[in-house]
Amino acid sequence: MHLSRYFLPILRETPKDAEIVSHRLMLRAGMVRQESAGIYAWLPFGHRVLSKITQIVREEQNRSGALELLMPTIQSADLWRESGRYDAYGKEMLRMADRHERDMLYGPTNEEMITEIFRAYIRSYKQLPLNLYHIQWKFRDEIRPRFGTMRSREFLMKDAYSFDLDQESARLSYNKMFVAYLRTFERLGLKSIPMRAESGPIGGDMSHEFIILASTGESEVYCHRDYLDFAVPGPDTNFDDAEALKKIVTRWTSLYAATSEKHDRDAFAAVPKDKQVTARGIEVGHIFYFGTRYSEPMKAVVAGPDGTERPVHMGSYGIGPTRLAAAVIEASHDEVGIIWPDAVAPFDVSIINLRPGDSGCDVACEQLERALAAKGKEALVDDTQERPGAKFATADLIGLPWQIIVGPKGLGQGQVEVKRRATGERSSVSIGDAIRMVAGG
Numbered sequence: 005m006h007l008s009r010y011f012l013p014i015l016r017e018t019p020k021d022a023e024i025v026s027h028r029l030m031l032r033a034g035m036v037r038q039e040s041a042g043i044y045a046w047l048p049f050g051h052r053v054l055s056k057i058t059q060i061v062r063e064e065q066n067r068s069g070a071l072e073l074l075m076p077t078i079q080s081a082d083l084w085r086e087s088g089r090y091d092a093y094g095k096e097m098l099r100m101a102d103r104h105e106r107d108m109l110y111g112p113t114n115e116e117m118i119t120e121i122f123r124a125y126i127r128s129y130k131q132l133p134l135n136l137y138h139i140q141w142k143f144r145d146e147i148r149p150r151f152g153t154m155r156s157r158e159f160l161m162k163d164a165y166s167f168d169l170d171q172e173s174a175r176l177s178y179n180k181m182f183v184a185y186l187r188t189f190e191r192l193g194l195k196s197i198p199m200r201a202e203s204g205p206i207g208g209d210m211s212h213e214f215i216i217l218a219s220t221g222e223s224e225v226y227c228h229r230d231y232l233d234f235a236v237p238g239p240d241t242n243f244d245d246a247e248a249l250k251k252i253v254t255r256w257t258s259l260y261a262a263t264s265e266k267h268d269r270d271a272f273a274a275v276p277k278d279k280q281v282t283a284r285g286i287e288v289g290h291i292f293y294f295g296t297r298y299s300e301p302m303k304a305v306v307a308g309p310d311g312t313e314r315p316v317h318m319g320s321y322g323i324g325p326t327r328l329a330a331a332v333i334e335a336s337h338d339e340v341g342i343i344w345p346d347a348v349a350p351f352d353v354s355i356i357n358l359r360p361g362d363s364g365c366d367v368a369c370e371q372l373e374r375a376l377a378a379k380g381k382e383a384l385v386d387d388t389q390e391r392p393g394a395k396f397a398t399a400d401l402i403g404l405p406w407q408i409i410v411g412p413k414g415l416g417q418g419q420v421e422v423k424r425r426a427t428g429e430r431s432s433v434s435i436g437d438a439i440r441m442v443a444g445g
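The numbering used here puts the first residue of the sequence shown at 5, with every later residue one more than the last.
Right, dumping it as structure tokens:
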């Protein structure tokens with residue numbers, strides 16, 4: 005892709021209303037544009053990031069055995085009246101009426117709708133367990149949307165919902181999602197720490213927030229330092245092995261980890277001083293078991309082994325890709341711009357042509373772009389007429405993992421310059437070596 009033909013509206017000045025790093029950099033790097041309070045258009049550069057995040061989320065959900073579907077954004081108020089939440093939800097719900105004066109709403113979440121779908125088709129315990137998920141836009145009319153896409157009114161959400169016969173089998177579904185979340189965030193280049201969250205009236209230990217540590221995090225968190233060195237389960241994890249999953253979850257919940265809401269000073273004081281971590285944290289995922297909270301009032305029942313009908317036990321599991329895009333930037337940036345992890349970078353490499361129109365530079369850039377494409381790497385070629393300093397600033401701002409700098413002086417010696425954005429390390433190498441460095445071999 006040539007930058008001269010790409011839509012990348014770079015801002016040189018920092019927007020005054022952007023309070024946190026990710027919001028400032030997303031606006032400056034041409035990822036998003038605010039259309040109204042808490043509502044953003046995702047421009048081509050940002051949309052590529054969002055697509056890569058959702059694909060990783062999707063792959064790990066599928067690996068765990070969850071099944072993807074797609075539910076509508078507009079829901080009938082009647083479903084929410086069945087669960088008892090329509091009047092209780094509050095002003096965050098965007099309510100409307102259709103042309104026939106039927107009460108509708110823009111879904112802030114999907115527990116009611118997924119329960120309605122389940123009860124329409126599932127009758128027996130033999131059809132369980134079942135975990136259904138979708139990746140869909142949500143709307144919550146926040147009284148004060150802020151921090152860009154970190155806390156917006158319209159947002160993209162992966163929400164999964166598990167259905168099981170009883171609490172024991174529901175725990176296995178919960179453990180699957182727990183491990184899937186560890187893997188998801190690790191693939192996104194994030195070190196997440198599961199911290200016990202509020203379980204509501206159900207109580208118990210089946211509610212966790214997944215937190216990443218970042219200096220610009222929303223709240224204070226407390227944890228044992230050893231979590232930072234825990235190895236995340238690999239791609240060969242067997243999601244059908246209940247005991248293996250239980251061991252993983254037990255290990256990842258064995259040490260102290262709490263948000264400020266759940267912080268226990270005495271318990272934290274028992275952690276050795278050199279192992280205590282107090283930091284800022286960003287919530288990137290939440291998993292939650294809620295038993296028969298929706299299945300009972302909405303009559304989502306199955307026949308058990310003895311033939312008796314009983315309400316199913318449910319859980320919900322959320323990840324916000326639009327929030328994650330901002331969280332990745334909060335965790336990975338420097339004073340000049342974004343530093344994208346390889347897995348979610350919108351392109352793999354910036355190829356910077358220092359002299360567009362020079363036949364040698366143009367041919368070398370084309371050769372690099374084609375050779376990298378053949379190896380599955382996507383390049384953004386800066387062939388604009390900007391000064392070299394402006395090109396370097398743009399490349400650092402948008403933060404692609406690699407930069408290849410092509411100029412007539414280096415080409416005269418048979419070389420280009422390669423820069424690794426994360427480390428700043430530079431080396432002058434042949435075009436072939438540059439291709440091998442970026443392509444990974």
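Every residue, glycine too, gets a C-beta built ideally from N, C-alpha and C.
- Contact between the stretch 213-233 and the stretch 89-109 is absent: fewer than three C-beta pairs spanning the two stretches fall below 8 Å.
- Counting the other Cβ atoms within 10 Å of the Cβ of Y125 gives fewer than 16, which makes it exposed.
- Inter-residue distance for C365 and P405 is about 22 Å (C-alpha atoms, whole angstroms).
- In terms of Cβ geometry, E64 and R255 do not form a close pair [threshold 7 Å].
- Per the coordinates, the alpha-carbon of T263 lies some 9 Å from the alpha-carbon of R284.
- The residue among E23, L415 and G311 with its C-alpha nearest the C-alpha of I435 is L415.
- With fewer than 16 other CB atoms across the displayed protein chains lying within 10 angstroms of its CB, R269 is exposed.
- If you draw a straight line from the Cα of L372 to the Cα of I24, it comes to about 36 Å.
- By the CB criterion at 7 Å, V422 and I408 fall inside the cutoff.
- Residue pairing by DSSP places W406 opposite V353 and R424 in a beta bridge.
- In the three-state scheme derived from DSSP, where H, G and I count as helix and E and B as strand, M35 is classed as coil.
- The beta strand (DSSP E) runs of length 3 or more contained entirely in the stretch 217-256 are, from start to end of the chain, 223-228.
- Under DSSP, the beta-bridge partners assigned to E72 are Y137.
- Residue state for R430 is assigned as strand, using DSSP reduced to three classes.
- F122 and G34 have their C-alpha atoms some 41 Å from each other.
- Within its own chain, the residues whose Cβ lies closer than 6 Å to the Cβ of M441, once the five positions on either side in sequence are excluded, are V422, listed in chain order.
- Between V36 and I323, the CB-CB gap reaches or exceeds 7 Å.
- When Cβ pairs closer than 8 Å are counted between the two stretches, the stretch 387-395 is seen not to touch the stretch 330-344, the count staying below three.
- Here the alpha carbon of Y44 sits roughly 11 Å from the alpha carbon of R155.
- Taken through DSSP and simplified to helix, strand or coil, G319 comes out as strand.
- Collapsing the DSSP output to three states places P345 in coil.
- Beta-bridge annotation (DSSP): A262 is paired with R200 and Y226.
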